[in-house]
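J.: All residue numbers for the sequence shown refer to the numbering used here, where the first residue is 562 and numbers rise by one.
Just so you know, even glycine gets a beta-carbon here, dropped at the ideal spot from N, CA and C.
Predicted model, so just to flag it, every value in this text is computed and none were measured.
Handing you a structure now.
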Amino acid sequence: MQAKIIDGKAVAERIRGELKVRAAEFEKKSGRKSGLAVVLVGADPASQVYVRNKIAGCEQAGINSLAHYLDADTTQDALEALIDKLNADKNVDGILVQLPLPKHLDERRVLSRVAVGKDVDGFHAENAGALMLGEDCLAACTPSGSIELIKSTGVDMAGKNAVVIGRSNIVGKPVALLLLRENCTVTICHSKTQNIAQIAKTADILVAAIGKKEFVTGDMIKPGAIVIDVGINRHEGKLYGDVNFEEAAKLASHITPVPGGVGPMTIVMLLSNTLKAAELSLKAGR
Ligand code: NAP
Numbered sequence: 562m563q564a565k566i567i568d569g570k571a572v573a574e575r576i577r578g579e580l581k582v583r584a585a586e587f588e589k590k591s592g593r594k595s596g597l598a599v600v601l602v603g604a605d606p607a608s609q610v611y612v613r614n615k616i617a618g619c620e621q622a623g624i625n626s627l628a629h630y631l632d633a634d635t636t637q638d639a640l641e642a643l644i645d646k647l648n649a650d651k652n653v654d655g656i657l658v659q660l661p662l663p664k665h666l667d668e669r670r671v672l673s674r675v676a677v678g679k680d681v682d683g684f685h686a687e688n689a690g691a692l693m694l695g696e697d698c699l700a701a702c703t704p705s706g707s708i709e710l711i712k713s714t715g716v717d718m719a720g721k722n723a724v725v726i727g728r729s730n731i732v733g734k735p736v737a738l739l740l741l742r743e744n745c746t747v748t749i750c751h752s753k754t755q756n757i758a759q760i761a762k763t764a765d766i767l768v769a770a771i772g773k774k775e776f777v778t779g780d781m782i783k784p785g786a787i788v789i790d791v792g793i794n795r796h797e798g799k800l801y802g803d804v805n806f807e808e809a810a811k812l813a814s815h816i817t818p819v820p821g822g823v824g825p826m827t828i829v830m831l832l833s834n835t836l837k838a839a840e841l842s843l844k845a846g847r
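Listed below in structure tokens is the structure:
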């Protein structure tokens, strides 16, 4: 079998088109553009690129973007004061604090300061909890994007065995909960799991979110599986996923490439969450 490639750029483009329509409808109904505030503390080059891409994504979709660049030595109080201001700003529907924050700042406290309804990253404990309870909420972007890619294959997820390798709060755990929501039977593996290869081989849907170049090899793939590779690993100037693409593509039915798979989905899901937050606040008359 040679797997079909799941083209993340094409799926992201289709969703971007839908978002443009939603953004225009929101503007017509509310009399203002939806807005995303992005906060960057310090000048980490990778974070600067991510922020630039998010702002460009907003522009393409017709969403206002407001970037706040703060010095690397910004205090916890000053950052929280800015978040409070953005929480109260009626033109701001979503707030994204670019991670990682400089070490002197308490990341958890900062993320919890963002109003739940504006938490478009889905990292607030209340949104994470709502996801666990199976309630409608703002869910984390990369996990939601991974689910959209699985849906794009047209394969019915209900009853499928899904294996997630990785249990981080930003990818592994939320993606597992979203797969459960789609009625998959979900197994989560992590660094202490024994017999990972054996468990991975039971997966009709395999999600790799490990952060280790080509960790998943061909012998770990069930023939016909859908393979979603979340990993981004830089090695000698090239990007690699957590899956050995060549080996896995010989067995899988569908597979995401790196780059061009999950990566392009994260920003569109962020924009989608911003519009969802805007629509909900309009509905609530805020
Ligand atoms: P993370 O916080 O470092 O978590 C990695 C997870 O992998 C942990 O749960 C860890 O287990 C598990 N793990 C590590 N080594 C393992 C091993 N040998 N066997 C089994 N499990 C192992 O990373 P993350 O933030 O979730 O990110 C994962 C990858 O996705 C990274 O490459 C990251 O760059 C990428 N990523 C991509 C996007 C995107 O937009 N495409 C977004 C976010 C992240 P323990 O919990 O036991 O330590």
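1) With DSSP as the reference, please indicate the residues paired to Asn722 in a beta bridge.
2) Would you call the segment 798–806 and the segment 828–845 in contact, with 3 or more CB pairs under 8 Å?
3) Is Ile757 near the ligand NAP, in the sense that its beta carbon is under 7 Å from a heavy atom of that ligand?
4) How many Å lie between Asp717 and Leu739 at the Cα?
5) Report the option in Gly733, Thr778, Gly678, Arg577 whose CA atom is closest to the CA atom of Ala761.
6) Using a 10 Å radius around the Cβ and a threshold of 16 neighbouring Cβ atoms, would you call Gly683 buried or exposed?
7) So what does DSSP say about Ser752, is it helix, strand or coil?
8) Within 10 angstroms of the Cβ of Lys783, are there 16 or more other Cβ atoms? Answer buried if so, exposed if not.
9) Which of the three DSSP states is assigned to Ile624 in this structure?
10) Taking any heavy atom of the ligand NAP as the mark, which residues have a C-beta closer than 7 Å to it, listed down the chain?
11) At the level of alpha carbons, what is the spacing between Asn667 and Gln637?
12) Report the CB separation of Ile749 from Gly772 in whole angstroms; it is logged as a contact under 8 Å.
13) Mapping the DSSP letters down to three states, classify Val582 as helix, strand or coil.
14) If we ignore side chains and look at the alpha-carbon of each, how far apart do Val612 and Asn625 end up?
15) DSSP puts His796 in a beta bridge; with which residues?
16) Once you ignore the five residues that flank Arg674 on each side, which residues in its own chain have a CB closer than 6 Å to its CB?
17) Are there 16 or more other CB atoms within 10 angstroms of the CB of Gly578, so buried, or fewer, so exposed?
18) Can you say whether Asp680 is buried or exposed, counting buried as having 16 or more other CB atoms within 10 angstroms of its CB?
19) Does the Cβ of Asn756 have 16 or more other Cβ atoms within 10 Å, making it buried, or fewer, making it exposed?
20) DSSP three-state label for Lys565, please.
21) Return helix, strand or coil for Leu617, following the three-state DSSP convention.
22) Quick check: the Cα distance between Asn648 and Cys619, rounded to an integer number of angstroms?
23) Taking 8 Å as the threshold (C-beta atoms), are Pro820 and Ile566 in contact?
24) Confirm, please, whether the CB-CB distance from Leu657 to Leu597 is below 8 Å.
25) Less than 7 Å between the CB of Gly655 and some heavy atom of the ligand HEM, yes or no?
26) Classify Leu601 as helix, strand or coil using the three-state DSSP reduction.
27) Are there three or more Cβ pairs, one per stretch, closer than 8 Å when the segment 782–799 is compared with the segment 571–591?
T.: So, to answer that:
1) Here residue 722 corresponds to residue number 161 of the sequence shown, with the count starting at 1. Per DSSP, Thr746.
2) Result no; under three Cβ-Cβ pairs closer than 8 Å.
3) Translated into positions along the sequence shown, residue 757 becomes position 196. Ile757: yes, Cβ under 7 Å from the ligand NAP.
4) Taking the sequence shown and counting its residues from 1, one reaches residue 717 at position 156. Taking the sequence shown and counting its residues from 1, one reaches residue 739 at position 178. For Asp717 and Leu739, the distance between alpha carbons rounds to 14 Å.
5) Indexing the sequence shown from 1 puts residue 761 at position 200. With distances taken between Cα atoms, Ala761 lies closest to Thr778.
6) Here residue 683 refers to the residue found at position 122 when the sequence shown is read from its first residue. With 16 or more other Cβ atoms inside 10 Å of its own Cβ, Gly683 counts as buried.
7) Taking the sequence shown and counting its residues from 1, the one referred to as residue 752 is at position 191. If DSSP states are grouped into helix, strand and coil, Ser752 belongs with coil.
8) Locating residue 783 in the sequence shown gives position 222, where the first residue counts as 1. Buried, because 16 or more other Cβ atoms sit within 10 Å of the Cβ of Lys783.
9) Within the sequence shown, numbered from 1, the residue matching residue 624 stands at position 63. Looking at Ile624 - three-state DSSP - the assignment turns out to be coil, as it is neither helix nor strand.
10) Any heavy atom of the ligand NAP within less than 7 Å of a residue's beta carbon puts that residue on the list, which reads Thr703, Ile726, Gly727, Arg728, Ser729, Ile731, Val732, Gly733, Cys750, His751, Ser752, Lys753, Thr754, Ile757, Ala770, Ile771, Gly772, Lys773, Phe776, Val791, Gly792, Ile793, Asn794, Asp803, Val823, Gly824, Thr827.
11) Counting from 1 along the sequence shown, the entry for residue 667 is found at position 106. Counting from 1 along the sequence shown, the entry for residue 637 is found at position 76. Per the sequence presented here, residue 667 reads as Asp, with Asn not at that position. Distance between the alpha carbons of Asp667 and Gln637: 7 Å.
12) Translated into the one-based positions of the sequence shown, residue 749 becomes position 188. Translated into the one-based positions of the sequence shown, residue 772 becomes position 211. Actually they are not in contact, since the Cβ atoms of Ile749 and Gly772 sit about 15 Å apart, beyond 8 Å.
13) Working through the sequence shown from its first residue, we reach residue 582 at position 21. Val582 sits in a helix when the DSSP states are folded into three classes.
14) In the sequence shown, the residue the question calls residue 612 occupies position 51. In the sequence shown, the residue the question calls residue 625 occupies position 64. Cα to Cα, the separation comes out at about 14 Å.
15) In the sequence shown, residue 796 corresponds to position 235, counting from 1. In DSSP, His796 forms a bridge with Lys799.
16) Position 113 of the sequence shown, counted from the first residue, corresponds to residue 674. Taken in chain order, the residues that qualify are Glu641, Ile644.
17) Start at 1 with the first residue of the sequence shown, and residue 578 comes out as number 17. Classification for Gly578: exposed.
18) The residue given as residue 680 occupies position 119 in the sequence shown. Classification of Asp680: buried, given that the 10 Å Cβ count is 16 or more.
19) For the purposes of this step, residue 756 is taken as residue 195 along the sequence shown, with counting starting at 1. Asn756 comes out exposed.
20) What you label residue 565 is simply residue 4 of the sequence shown in a count that begins at 1. Residue state, collapsed to three classes: strand.
21) Stepping through the sequence shown from its first residue, residue 617 is reached at position 56. One point to set straight first is that residue 617 is Ala, not Leu, in the sequence displayed. Looking at Ala617 - three-state DSSP - the assignment turns out to be helix.
22) To locate residue 648, count along the sequence shown from 1; it is residue 87. To locate residue 619, count along the sequence shown from 1; it is residue 58. One C-alpha to the other measures close to 19 Å.
23) Stepping through the sequence shown from its first residue, residue 566 is reached at position 5. Stepping through the sequence shown from its first residue, residue 820 is reached at position 259. Contact: no.
24) Residue mapping note: residue 597 aligns to position 36 of the sequence shown, counting from 1. Residue mapping note: residue 657 aligns to position 96 of the sequence shown, counting from 1. Cβ atoms of Leu597 and Leu657: closer than 8 Å.
25) Questions concerning the ligand HEM fall outside what the structure shown contains, since the ligands it does hold are the ligand NAP.
26) As a working mapping, residue 601 is identified with position 40 in the sequence shown. If DSSP states are grouped into helix, strand and coil, Leu601 belongs with the strands.
27) Cβ pair count under 8 Å is below three, so no.
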